[in-house]
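Below is one structure, written out as structure tokens, with a few remarks after it.
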Amino acid sequence: MLLLDDNRIAANGHIMDLGSVRANKLRRALYESEIMKELKSEPHVIQPGENRYVNFAGTLTFVTGMGYVPGKTVHDYLLDGLDSRDAGKIIADMGQALKTLEKRGIVHRDVKPKNVMYTPFEPGRGNATLIDFGLAIKTNGPPNYASDEVLEFLMDDSSDYRGKVAGTPGYLAPEEVRGDPVTEKTDTFTLGLLAYELFTGEPAFRPFPFDGEINLFDNLYKLATFDNKRRKQLLDTMFEKDIPLDLGKAVDMTLYSQPEMRVSGPLIAEARYLASGEDRPSYEIRSEPTIIPELPSESSIIL
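With numbering that gives the first Met the number 0 as the guide, the letters of the sequence shown map in order to residues 0 to 302.
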């Protein structure tokens, strides 16, 4: 990501020195760019750019290009204050984006506030964009548009981190931590975590203060042992914060520990209704900054 100024971010993808990069990192970058080609012209997902070789500071460098998205991340909007109608629009847009991925057999694996850009307009009428497909995988075969040469290079399984815990500890689904297969229901769970945070102003799995290593394993343990009792606690918290009953129940339906029981349709419908502003007064949602700005719970990892 290249920061242009306070309000603009250019997603310029990966820049790698060909003289020192390891083959698996290059495979990963190519795999990501090939997945993104399948999402060209689709709404609410970052658009692919042109892959090229450039002279960067005197070194031949491989660049995977990505489109430009104006606005700020949802993480930043939460810190500054977010209108509840915009929160609804963000979840509705992300639900649509994940439905598009599902149709193509793609799982993002890292849905979180820092990986969603929001371009504001009138309250409830902005545009949300899912970015950073660095951990995404195809579950129904190799990328569709890759050349034979690229496919041969991508044959190494390290390009998609299959069988590894890959994501952000505070935004993982239980099956990822347990080592079970990743499916589109994995993204349904993290959509629910995103919705919970947007509607309540706090993450479902709060960072452990002061000690990043304890925080990392604390989050992984909570997710590995996540059950319906913990799910009900999240639902109770939403009701305590006066989240509308139907909206809270819709978030709850995405957070079952059993992947096959998760559904996102009711959440998308309720989020659209919230964005419309009909029959519900809008309110501001604001989150408190974490004690340590960049905790492992907010950073993508591969284990």
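Backbone N, C-alpha and C define an ideal beta-carbon position, used for all residues, glycine too.
Closest by C-alpha distance to residue i, when choosing among the options
| i | options | result |
| --- | --- | --- |
| Val164 | Ala172, Val176 and Tyr170 | Val176 |
| Thr27 | Phe238, Asp131, Val44 and Pro42 | According to the sequence provided, residue 27 is Arg. The question's Thr does not apply to it. Among Phe238, Asp131, Val44 and Pro42, the Cα nearest to that of Arg27 belongs to Asp131. |
| Gln95 | Ser263, Ala274 and Ala172 | Ser263 |
| Asn50 | Glu31, Thr58 and Glu121 | Glu31 |
| Gln46 | Leu222, Pro119 and Gly66 | Gly66 |
| Gly133 | Gly191, Met237, Glu33 and Asn126 | Glu33 |
| Arg124 | Arg285, Arg271 and Pro280 | Arg271 |
| Phe198 | Thr236, Val181 and Thr224 | Thr236 |
| Met93 | Asn227, Arg285 and Thr128 | Thr128 |
| Lys113 | Pro42, Lys98, Gly64 and Ile89 | Ile89 |
| Tyr170 | Ala203, Asn139 and Asn143 | Ala203 |
| Thr167 | Lys36, Gly57 and His107 | His107 |
| Glu174 | Leu222, Leu97 and Lys111 | Leu222 |
| Ser40 | Pro280, Ala56 and Thr99 | Thr99 |
| Ala194 | Phe216, Pro119, Glu277 and Pro265 | Pro265 |
| Arg84 | Val115, Arg103 and Glu121 | Glu121 |
Buried/exposed call for residue i, threshold 16 Cβ in 10 Å
| i | result |
| --- | --- |
| Gly178 | exposed |
| Ala318 | The structure shown has nothing for residue 318, since the chain only spans 0 to 302. |
| Asp5 | Only weak support exists for where Asp5 lies, its pLDDT of 38 falling under 50; the coordinates are left without a value. |
| Met260 | exposed |
| Tyr220 | exposed |
| Asn218 | buried |
| Tyr52 | exposed |
| Leu312 | Residue numbering for the chain in the displayed model covers 0 to 302; residue 312 lies beyond these limits and cannot be assessed. |
| Glu269 | buried |
| Tyr282 | exposed |
| Lys228 | exposed |
| Leu3 | Bear in mind that a pLDDT of 36 at Leu3, under 50, signals an unreliable position, so the number given afterwards is only what the model happens to contain. Looking at its Cβ environment, which holds fewer than 16 other Cβ atoms inside 10 Å, Leu3 is exposed. |
| Asp278 | exposed |
| Arg230 | buried |
Residue i (DSSP reduced to helix, strand or coil)
| i | result |
| --- | --- |
| Pro47 | strand |
| Ile130 | coil |
| Gly140 | coil |
| Thr199 | helix |
| Ala56 | coil |
| Glu176 | The sequence given here has Val at residue 176, not Glu. It is helical. |
| Thr185 | helix |
| Glu287 | coil |
| Thr236 | helix |
| Ala223 | helix |
| Ala165 | strand |
| Tyr117 | strand |
| Arg279 | coil |
| Glu37 | coil |
| Ala135 | coil |
| Gly125 | coil |
| Leu192 | helix |
Mind pulling the alpha helix (DSSP H) runs of 4 or more residues that sit fully within the segment 238-277? Along the length of the segment 238-277, whole alpha helix (DSSP H) runs at least 4 residues long occupy 244-251 and 264-275, reported in chain order.
Going residue by residue through the segment 61-111, where are the continuous beta strand (DSSP E) segments of at least 3 residues, counting only ones entirely within it? 67-69
Three CB pairs or more closer than 8 Å across the segment 254-269 and the segment 71-84: No: fewer than three Cβ pairs fall under 8 Å.
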